[in-house]
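Worksheet: the structure to be examined is printed underneath.
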Amino acid sequence: MSDDRKRTIEKRPWSITRRAVLASGSAVGALAAFGLKTPAMAQETTPAAPAAFLPRVLVSFAVNGVTQDIDLDPRTSLLDALRETIGLTGTKKGCDHGQCGACTVHVDGRRVASCLTLAAQVADREITTIEGLGDDEALHPMQQAFIDHDALQCGYCTPGQIMAAVACVHEGHAGSEAEIREYMSGNICRCGAYPGIVAAIRNAAQVMEG
Amino acid sequence: MTKTVQLHSYALSRRSFLITAGSLGVAVAFGGLLRDASGAAVAPAVKGNYRPNAWVTIAGDGMVTIMSPASEMGQGIMTTLPLLIAEDMDADWDSVRIVQAPSDAESYGNPGFYGIQLTGGSESTRGYYDLLRLIGAQTRKVILASGADMLNVPVSELATETSRVVHAQSGRSLSFGEIAANGALPDPLPQATEADLKPSDQWRYIGRRDIPRVDVPSKVDGTAIYGMDVQLPDMLYGAVLRAPVQGERPEVIDDAEARAVSGVTHIVPLSYGVGIIGETVEATTRAKDLLNVTWSTSSRVRAYTSDRLLEQYRSVGRDLSQAGVEAFAESDAEAAVTGAATVIEADYMSDLVYHATMEPMNATALVTGDTVEIWAPTQGPTGTQGFAAEVVGTTPDKVKVNTTLLGGGFGRKAEADFIVDAVSLAREAEGRPVKVIWSREDDVRHDKFRPLEAQHIQVGLDDDGNIVGWRHRIVADSIFARTMPDLFESQGGHDDVVTEGAHFNYAVPAHRIDYIRQNNGLDIGFWFAVGVGYTRFGIECVLDEVAAAKGADPVQLRLELLRDQPRARKVVETVAKMAEWDRERDGRAVGVAYSDAFGTHCAQVAEVSLNLQTGMIRVHKVWCAVDPGVAIQPLHIEGMMIVGITNGTSHALFEQINIIDGEVQEGNFDTYRVIRMSEAPDIEVAVVPTLGSPVGGMGQVGLPPVGPAIANAVARLTGGVRLRHYPFLPERVLEALNA
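The listed protein sequences correspond, in order, to chains S and H. full-length UniProt numbering puts the first residue of the first sequence at 1, with every later residue one more than the last. full-length UniProt numbering puts the first residue of the second sequence at 1, with every later residue one more than the last.
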């Protein structure tokens, strides 16, 4: 490690650490930084009384080939039902407004934004999520292509990208790079792994179409 | 000993190598978190009891478990750092299992980062490199000593192959597993020095392209566990309604309707908002919408309107009578500029930008008495311990942080606000874990944006167009003033992360950098490449203005100014060749930019076209050459360059947060535009390491050059129209074209 380098480290401590902040005696400052002021809350915390009326709805649909009979708050989105009720967290919550594509799943083979879909709307439908795309033996060709083409970084958008990509191929929209880019533009990858995603889809499309 | 490894001799305390029973505690295994049959919150303890140090455990079956100390947010760090240990201990990479280290700065802190666990600043590989290679070498020496004892031969007669100790003379050998199962740890444990490191010509893993990232398989099959995916038995959900303007407090909370929502268990007034705890996401979301809060109106942030302030910052930058805090000075730049034959002078500006991690802020906390356990996608476990302890009124050692995978970080998850939420609510629901989830709108409106800033640059030229002096004034809010107030004060009011990148390696005879702090109350924070993202914008664009003034080619001018720097010249020459710099392009032009920030040399060329009617820029392709010194994982380096270039293009063209009277105007991806697949450039990366150089940072390196390369390309395409304000929105482009 050169002296230069060492100096850089010493000079540029970008951290929000208790050690750094508190060692210099500014605990209060640190708390203020996050909006926490010790003296007092606006009022005391009280537990809420249980509501008298608890509307529920019983919904049945198949997820990755397994029938799920679930008792839900009717406001529950398909996304939250999958993640929080059924426990399949592979489908991701990104924006909850159909803007980012992270929550893409297949309903009867077609891609949908599960955040904009109420669970109650998909009664008796077949849902496929990232967990059900491959089988016990092997990954789906699209999953494998994402690995082969280094098509992800943080990976949070990846399940949605893969589900959208499979649908994109099935829809016949993977004919050229430009077409793939257009029909995949509903799925944001903040890491910008777009070149790898496009390459993965081109490659997987060939495999899928035999 | 090759030149590749340049180490200070580490004073490795014996303590860090002692096998302290239980010091590893129960590790959180990657991918398998929370999924064991019992539903317990943690994965099984690391198997095996042969532990040469806190980092490595070897099991009888040969499985080598290595701790990964840093936060994995896509940069591949949980592969890179353990690989360094595996290299020098000669482990078989196929037998390595990687485990996310628990929050324990004493064992796993970054020596290059105050010894704490905080992933950021492109400091992980740089900071841990020497230490982890030494850890690997020390582990190998421990294994060799045990093996010598078992084979009853002198240790000097032994060698290692992958996960094997070999005695060539007798033809006998022992696997690491056999040694772990049957051998005893030597007492005292041998120590390692620089002399024990493997020379670069014997590296098995460093520099290989074909070693995959260990985090990838779980990310394509949906089993990866991010903070958002944490599920614990008996878990409650939390949401926080924050004040619409930072700094305001709830004065009256009418929660009658919210409280009536079925499934809501607690309404928790906080100093900065109102928390809701409930049995389901739907309950907390609904209740949050139904809260009726009267907020205070005293926050000074109400006077914050970003457009107006940026104009003000610009004026401050141009007013040379206002002195700044000196960030760097070499010779008398003011005199040199004043006495110059020609002065090139320009303002460069950038708007506030939002992090937009794909995984919104979230954290899960469990408070039990005076202990806290946290599961979070955090860049800073050590800081998290401190803040959680403050909230609960305990000590940091009573706080355990389980770092999950991060769905993007970019500096946002170095903050603790979302963790403070979770701990504050979990304290109210003591004994039950609470998972707090921010909505995308919460995430946009309550981000810690990159500072609003304006720069004023003056470059003095002599009669031949040679640079005689360079003055650079940066006018911006401060990050350190909020996060490290005492450091900020001790540096005389300087914030070197805000001015980062202003100091360059071009040969100019006189150079001065000033920082003029603005303070309008808004919390701002660390963003991808932080200051370098805009300082290099100004520098690289002004350099092209200098080139135009003296009729020089931009590539040649840079090579001239980098004449004594072979590594810098190499990346500039490489990228010019890749992009066929001199080739004429019909309706398109190329621009170049270079950066030496983070200890890594990176040059890029962008090819653009421009719709003169709409003002829309299209970036067709970006070429990139990068020299990180040691290229530990070349394929991952390419990936990181792609991240930087794509995000850099996005922020240069589109990204903008507008604040009016303290309220953020954007709320989701419909109003905060980030680049999409149809808009993203093709990217070609060449990794050109220089063996024998120190290892450079990687995470943020790709972003800074792309914006100025785009602006420089537009100038070359339009006969000199300069874009000086990020982002290059169509209306700004049209305005520049018509000026």
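The beta-carbon is built from N, C-alpha and C at its ideal position, and this holds for glycine as well.
Span of the beta strand (DSSP E) around residue i
i, result
"S:D69", "V66 to L72"
"H:N362", "N362 to T368"
"H:I135", "No beta strand (DSSP E) holds H:I135; the alpha helix (DSSP H) holding it covers S124 to L151."
"H:P250", "P250 to D254"
"H:G275", "G273 to G278"
"H:H620", "I617 to D627"
"H:H601", "H601 to L610"
"H:S595", "A589 to S595"
For residue i, the first and last residue of its enclosing alpha helix (DSSP H)
i, result
"S:H170", "T158 to H170"
"H:R471", "Counting along the chain, H:R471 falls outside any alpha helix (DSSP H), though it belongs to the beta strand (DSSP E) covering I467 to A476."
"H:P554", "P554 to L561"
"H:A59", "No alpha helix (DSSP H) contains H:A59, which DSSP labels as neither H nor E."
"H:S315", "S306 to R318"
"H:H511", "It is not in any alpha helix (DSSP H) - H:H511 instead sits in the beta strand (DSSP E) that spans H511 to R517."
"H:R97", "No alpha helix (DSSP H) holds H:R97; the beta strand (DSSP E) holding it covers V96 to Q100."
"H:K394", "Just to set this straight, residue 394 of chain H is Thr in the shown sequence, not Lys. Per DSSP, H:T394 belongs to no alpha helix (DSSP H) and is neither H nor E."
"H:S546", "In the sequence under discussion, the amino acid at residue 546 of chain H is Val, which differs from the Ser named in the question. Taken as a continuous stretch (DSSP letters only), the alpha helix (DSSP H) holding H:V546 covers V532 to K550."
Check whether residue i and residue j have beta carbons under 8 Å apart
i, j, result
"residue 740 of chain H", "H:V590", "Residue 740 of chain H is absent from the model: chain H starts at 1 and stops at 739."
"H:V572", "H:P509", "no"
"S:T128", "S:N64", "yes"
"H:M78", "H:D215", "yes"
"H:S296", "H:E248", "yes"
"H:V367", "H:R427", "yes"
"H:R164", "H:S175", "yes"
"H:S71", "H:T378", "yes"
"H:I267", "H:V261", "no"
"H:P689", "H:P628", "yes"
"H:G177", "H:G76", "no"
"H:V619", "H:P554", "no"
"H:A593", "H:E540", "yes"
"H:P704", "H:G501", "yes"
"H:P82", "H:S68", "yes"
"H:I637", "H:V622", "no"
Listed by chain order, chain H residues near residue i by CB distance under 7 Å
i, result
"S:T76", "E282"
Supposed close pair residue i, residue j - CB separation, criterion 8 Å
i, j, result
"S:I188", "S:A165", "Their Cβ separation, rounded to whole angstroms, is 14 Å, which puts S:I188 and S:A165 out of contact at 8 Å."
"H:E453", "H:Y672", "In fact, because the Cβ distance is near 19 Å, the residues do not count as touching under 8 Å."
"H:L461", "H:A329", "Actually they do not touch by this definition, with Cβ atoms about 20 Å apart."
"H:K400", "H:D370", "That pair is no contact at about 12 Å."
"H:F669", "S:C100", "5 Å"
"H:G386", "H:R450", "Wrong, their Cβ atoms sit about 24 Å apart, outside the cutoff."
"H:A507", "H:R563", "7 Å"
"H:G120", "H:G411", "6 Å"
Residues that residue i contacts on chain H, provided the C-beta gap is smaller than 9 Å
i, result
"S:S185", "R676, M677, S678 and E679"
"S:T129", "G222"
Contacts of residue i in chain S (Cβ-Cβ under 9 Å)
i, result
"H:G407", "K92, G94, A102, C154, G155, Y156, C157 and R190"
Within chain S, the residues that residue i reaches when beta carbons sit closer than 7 Å
i, result
"H:A356", "R190"
"residue 797 of chain H", "This structure leaves residue 797 of chain H out entirely; chain H is present only between 1 and 739."
"H:T646", "G192 and Y194"
"H:E359", "Y156"
"H:L717", "Simply none; closest approach about 22 Å."
"H:L692", "Checking the displayed sequence, the identity of residue 692 of chain H turns out to be Gly instead of Leu. Near H:G692 there are no residues of chain S at all, since even the closest Cβ is about 12 Å away, more than 7 Å."
"H:L635", "D150"
Heavy atom of the ligand SAM within 7 Å of residue i beta-carbon
i, result
"H:R213", "The ligand SAM is not among the ligands present in this structure, which contains no ligands whatsoever."
Where residue i meets chain S, residues with beta-carbon distance less than 8 Å
i, result
"H:V643", "Q153, C191, G192 and A193"
Amino acids of chain H, ordered along the chain, whose beta-carbon sits closer than 8 Å to that of residue i
i, result
"S:V198", "M677"
Beta-carbon neighbours of residue i, restricted to chain B and to distances below 8 Å
i, result
"S:R181", "This model lacks chain B altogether, as its protein chains are S and H."
Where the region 207–233 of chain H meets chain S: residues whose CB sits under 9 Å from a CB there: Along the region 207–233 of chain H, the positions whose C-beta sits under 9 Å from a C-beta of chain S are P212, R213, D215, V216, P217, S218, K219, V220, D221, G222, T223, A224, I225, Y226, M228, D229, V230 and Q231, read in chain order.
Chain H contacts from the region 131–152 of chain S (Cβ-Cβ distance under 7 Å): E131, G134, L139, Q143, F146, I147, D150 and L152
Where the region 66–84 of chain H meets chain S: residues whose CB sits under 9 Å from a CB there: E72, M73, G74, Q75 and G76
Residues in the region 406–440 of chain H having any Cβ partner in chain S nearer than 7 Å: The region 406–440 of chain H vs chain S, Cβ under 7 Å: L406, G407, G408, A414, E415, A416, D417, V420, E428, S439 and R440.
At a CB distance below 8 Å, what residues from the region 60–73 of chain S approach chain H? Give them in sequence order. D73
Residues of the region 285–314 of chain H with Cβ closer than 7 Å to any Cβ of chain S, in chain order: Listed by position, the residues of the region 285–314 of chain H near chain S (Cβ gap below 7 Å) are R286.
Of all the residues that make up the region 659–675 of chain H, which are near chain S by a beta-carbon distance shorter than 8 Å? N668, F669, D670, V674 and I675
Residues in the region 165–195 of chain H with C-beta within 9 Å of chain S's C-beta atoms, listed in sequence order? none
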